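Start counting the sequence shown at 17; every next residue gets the next number (my numbering). Using N, Cα and C, we set each Cβ at its ideal position, and we do this for glycine too. Predicted, not measured: the structure shown is a model, and the values here were computed from it. The structure appears below as structure tokens.
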Amino acid sequence: MFCRQCGQQLVDEAVACPQCGVATGYFPQAVAQGKSRTNFILFGALLGLIGVPGVHNFYAGYSQKGLIQLLVSVLSCWLLWLPMYIWTIVEICTVTVDSDGKPMY
Ligand SMILES: [Zn+2]
């Protein structure tokens, strides 16, 4: 592609022109945003509250943690649901990146 400011030829992955510094408008996939943090919080808080904790972790790609939270709750006949739900609440307050390391917005 070419710089729309000065016409300098640029590599396709350039985010800015090295000649004049103007942004190309290209946004690399690598820093593209991760999953929705709103969904992460909603899945954790709401589905956790009705007895299905861990869905937020599946959503964010942390399927092992999600599976533990879900299985411990179900297999204990929800006797251990509260600690799992507290774990969930702590996670939705503190976890801000998905399992790919991308920040959730
Ligand atoms: Zn330029």
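Between the CA atoms of residue j and residue i - distance to the nearest angstrom
i      : j      : result
Leu83  : Val71  : 8 angstroms
Gln35  : Tyr101 : 54 angstroms
Ala30  : Pro119 : 22 angstroms
Val92  : Leu65  : It should be noted that the sequence gives Ser, not Val, for residue 92. Ser92 and Leu65: Cα-Cα distance of roughly 16 angstroms.
Ser115 : Arg53  : 13 angstroms
Val88  : Ile105 : 16 angstroms
Tyr42  : Pro99  : 45 angstroms
Val27  : Gln21  : 15 angstroms
Phe74  : Gly60  : 10 angstroms
Gln80  : Leu86  : 10 angstroms
Cross-strand partners of residue i (DSSP beta bridge)
i     : result
Ala39 : Ala32
Gln25 : Phe18
Three-state secondary structure assigned by DSSP to residue i
i      : result
Val106 : helix
Pro99  : helix
Val113 : strand
Contact test: residue i Cβ vs ligand 2 heavy atom, cutoff 6 angstroms
i     : result
Val38 : You won't find ligand 2 in this model; what it holds is ligand 1.
Pick from the options that is closest to residue i, judged by C-alpha positions
i      : options                        : result
Val38  : Asn55, Phe18, Thr54 and Val88  : Phe18
Gly117 : Glu107, Tyr78, Ser89 and Val88 : Tyr78
Thr112 : Pro99, Tyr42 and Ala76         : Ala76
Glu107 : Leu58, Val90 and Cys33         : Leu58
Residue ranges of each beta strand (DSSP E) within the stretch 62-87, 3 or longer: Complete beta strand (DSSP E) runs here, min 3: none at all.
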